[in-house]
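S.K.: In the working numbering, the protein residues as written are -11 to 452. Every residue, glycine too, gets a C-beta built ideally from N, C-alpha and C. None of the values given here were measured: they were computed from a predicted structure.
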Ligand code: ADP
Ligand code: ASP
Ligand code: MG
């Protein structure tokens, strides 16, 4: 089988872990599988890079220097533990130091300019994956495999939406196949940087935070892989975030649609765009635990065996519930259209909408950090209505959390909403808003941030 194996940040979090991940790859390669590895930056590294860039832009020279020093230590430490061959180690050490010099130069220019563009941010954020891949490839060689480190800028062609780029599939397919198929034919395991790509002009882009999962399925599609395996730090996709619900269980099988819905509604275990490239072609995806590799994890397939109505409870945090209200809104045509076009013009996306049946208010959920812009845009849009007192209040409540109950066929099963509301009512948890007519795969509601964990536990207890 041709398998893409992606390793997340914790799975390559230090030298020992890189070695363990390399051994896992080699054990499957030894069974005759052709494997393509996609690797994330070591845990915490992408955050540290973004932080260094921001500090540089803010004029904090000491801050970015300290950040870069820590990154050198982390990678040289990993090199020490993951690589034994002394010549290889010396060469890699020099490469790491050279790269981090390059990073320092970039930060210095940002420091001088005092400005951080999305394009510069992507170049800086790309260093994490580009630093770890050569270490992983060498570790894999020391397990007896033939391996080659590859930067995904050579494979994945994207648009120029820096920090959130999307692949141009035909170009990506062509480049990936031209570069990787000959290696696979020669029995070499390509070790590819996750998270990054490049525009047609060769400028580095990133696929969004957590985007290495997406890299894996993009490559899965481009290379007609038989399977994509995502190695992470939990036993697969679970019925809730195990950090919040300790009794959460692994979901054995889940459909593409449900998995996509879960990831859109906050389950961090897979990046929201991961499912799209594989769903249409029905390439099976497995979510596995690097720290418990014999656990079967989760299989994402078209028609899962597990037909429970509710599959999981997820949350999207750091949101804001914006309300536009006024008695004069009643029956006035076009208020909703004005509300949403004002917000859309600001480039703010709306995650959830609800309107009371009395038509006296419209509520919607946006990212908390966009609140000031949204309020300002709405105040401007409704200046006249405000003067006439048709609209009395434009306000926001934050932080709030969207809690989503996800599962296929939810909307066709009577009594789900009543059960959810009952679970929250019993614990005295207040629901601020519920979504009307969202997808048939989920029921979502909004609660105050301080109630979110209890709300998830209460619903989980009732259904799972
Ligand atoms: P990686 O670095 O491997 O990509 P992430 O940290 O991005 O790993 O995603 C794995 C984490 O996602 C888990 O440690 C877990 O805390 C969190 N998570 C949130 N929701 C879920 C869920 N429903 N099932 C499994 N993990 C979840
Ligand atoms: N390293 C990137 C991030 O932290 C991508 C990933 O981990 O998937 O967002
Ligand atoms: Mg992740």
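So, is residue 189 buried or exposed, given that buried needs 16 or more other C-beta atoms within 10 angstroms?
M.R.: Numbered from its first residue, the chain shown carries residue 189 at position 201. That one is exposed.
S.K.: Closer than 7 Å to a non-hydrogen atom of the ligand MG - does that hold for the CB of residue 256?
M.R.: Along the chain shown, one-based indexing puts residue 256 at 268. Yes, since a heavy atom of the ligand MG falls inside the 7 Å radius drawn around the Cβ of residue 256.
S.K.: Can you have a look at residue 373 and say buried or exposed, based on whether 16 or more other CB atoms are within 10 angstroms of its CB?
M.R.: Residue numbering aside, residue 373 sits at position 385 when the chain shown is read from its first letter. Buried, because 16 or more other Cβ atoms sit within 10 Å of the Cβ of residue 373.
S.K.: With 8 Å set as the bound, which would you pick, yes or no: does the beta-carbon of residue 145 sit closer than that to a beta-carbon of chain D?
M.R.: Among the protein chains of the structure shown there is no chain D, as only one such chain exists.
S.K.: Give the range of the alpha helix (DSSP H) segment to which residue 126 is assigned.
M.R.: In the chain shown, counting from the first residue as 1, residue 126 sits at position 138. Residue 126 -> alpha helix (DSSP H) spans 115 to 130.
S.K.: Given a threshold of 16 other Cβ atoms within 10 Å of its Cβ, counted over all protein chains shown, does residue 126 qualify as buried or as exposed?
M.R.: In the chain shown, the residue the question calls residue 126 occupies position 138. Buried, by the Cβ-count rule.
S.K.: In whole angstroms, give me the CA-to-CA distance for residue 343 and residue 254.
M.R.: In the chain shown, the residue the question calls residue 343 occupies position 355. In the chain shown, the residue the question calls residue 254 occupies position 266. Using only the alpha carbons, I get a separation of about 23 Å.
S.K.: Roughly how many whole angstroms lie between the Cα atoms of residue 237 and residue 128?
M.R.: Translated into the one-based positions of the chain shown, residue 237 becomes position 249. Translated into the one-based positions of the chain shown, residue 128 becomes position 140. Each residue's Cα considered, the two are about 32 Å apart.
S.K.: In terms of residues, what are the limits of the beta strand (DSSP E) holding residue 264?
M.R.: Numbered from its first residue, the chain shown carries residue 264 at position 276. Element bounds for residue 264: not the beta strand (DSSP E) but the alpha helix (DSSP H), 264 to 267.
S.K.: Just mark residue 298 as buried or exposed, buried being the case when its beta carbon has 16 or more other beta carbons within 10 Å.
M.R.: Here residue 298 is taken as the residue at index 310 of the chain shown, counted from 1. Per the 10 Å Cβ criterion, buried.
S.K.: To the nearest angstrom, how far is the alpha carbon of residue 39 from that of residue 235?
M.R.: Along the chain shown, one-based indexing puts residue 39 at 51. Along the chain shown, one-based indexing puts residue 235 at 247. In a straight line, the C-alpha of residue 39 is about 34 Å away from that of residue 235.
S.K.: Of the choices 67, 33, 192, 160, whose alpha-carbon is the least far from that of residue 105?
M.R.: Here the question's residue 105 lines up with position 117 in the chain shown. When each option's Cα is compared against that of residue 105, the closest is 192.
S.K.: Touching or not, the segment 1 to 8 and the segment 49 to 61, by the rule of three or more beta carbon pairs under 8 Å?
M.R.: Flag = no, the segment 1 to 8 and the segment 49 to 61 do not touch.
S.K.: Measure how close the beta-carbons of residue 349 and residue 371 come, nearest whole angstrom, since I'm counting them as under 8 Å.
M.R.: Locating residue 349 in the chain shown gives position 361, where the first residue counts as 1. Locating residue 371 in the chain shown gives position 383, where the first residue counts as 1. That pair is no contact at about 19 Å.
S.K.: Could you check how far apart the C-beta atoms of residue 139 and residue 107 are, in whole angstroms? I think they sit under 8 Å.
M.R.: Along the chain shown, read from residue 1 onward, the residue named residue 139 stands at position 151. Along the chain shown, read from residue 1 onward, the residue named residue 107 stands at position 119. Between residue 107 and residue 139 the Cβ distance is about 17 Å, and since that is not below 8 Å, they are no contact.
S.K.: Would you say residue 262 and residue 201 are within 8 Å of each other, going by their C-beta atoms?
M.R.: Residue 262 sits at position 274 when you count from the first residue of the chain shown. Residue 201 sits at position 213 when you count from the first residue of the chain shown. Yes, they are a contact pair.
S.K.: Given 7 Å as the limit, tell me if residue 34 has its C-beta closer than that to any heavy atom belonging to the ligand ASP.
M.R.: Working through the chain shown from its first residue, we reach residue 34 at position 46. Yes, Cβ of residue 34 sits closer than 7 Å to a heavy atom of the ligand ASP.
S.K.: Leaving out five residues before and five after residue 210 in sequence, what residues of the same chain have Cβ atoms less than 7 Å from its Cβ?
M.R.: Translated into the one-based positions of the chain shown, residue 210 becomes position 222. So the list reads 160, 161, 164, 165, once near-sequence residues are dropped.
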